[in-house]
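The opening residue of the sequence shown carries number 9 in the working numbering; numbering runs sequentially from there. Glycine included, every Cβ here is placed at the ideal spot set by N, Cα and C. Have a look at the structure below, then the notes.
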Amino acid sequence: MGVRKHNMAEQLKEARKQKALAKLTNCPTSPRKMRLVADLVRGVEVEKALQILKFSSKEASINLEKLLLSAIANWQAKNEDASIEEAGLYVKSICVDSAGMLKRLRPAPQGRAHRIRKRSNHVTLELGSKNIESK
9 MGVRKHNMAE QLKEARKQKA LAKLTNCPTS PRKMRLVADL VRGVEVEKAL
59 QILKFSSKEA SINLEKLLLS AIANWQAKNE DASIEEAGLY VKSICVDSAG
109 MLKRLRPAPQ GRAHRIRKRS NHVTLELGSK NIESK
């Protein structure tokens, strides 16, 4: 392997260390409701995001809080020597996609039926580090 490729590989390894991912799949909440809560924490520091999610009255905030704690744990596993306070972790990106739908029927007048779509979503949360990226 050449020197240039070796340097690029080292840079990619370092870039992967600086960010941490966590995914939540098939969460039984509609994507629209989850996006309302996800928009509150996008781009916010981790400590503040945890407080926002903890005191939010929305049901979706419980699942997002668990997901954020999981992403923090993933970051700590990659960076065992660094501390969270010095790293300046923040929510770099949070993406809510729709997942599969459960389709049900509800009886309607005159022998008809209305379809009910019980939606679910996938959430991908990525943490970034402000202090490490600036170096």
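Met16 and Gln26 have their C-alpha atoms spaced approximately 16 Å apart. Collapsing the DSSP output to three states places Arg12 in a helix. Note that the C-beta distance between Leu133 and Ala30 is below 9 Å. His130 is not a Cβ neighbour of Val99, given a cutoff of 9 Å.
Under DSSP, the beta-bridge partners assigned to Ser101 are Glu134. Ranked by how close their Cα comes to the Cα of Met109, the residues Pro36, Ser137, Ser101 have Pro36 in first place. 9 Å or more divides the Cβ of Leu76 from the Cβ of Val45. Under a 10 Å Cβ-count criterion, Glu73 is classified as buried, with 16 or more other Cβ atoms of the shown protein chains found around its own Cβ. Beta-bridge partners of Pro115 (DSSP): Ala121.
Between the alpha carbons of Leu97 and Ala107 lies a gap of roughly 28 Å. Residue pairing from DSSP leaves Ser38 without any beta-bridge partner. If you look at Ala95, you'll find it in the alpha helix (DSSP H) that goes 92-95.
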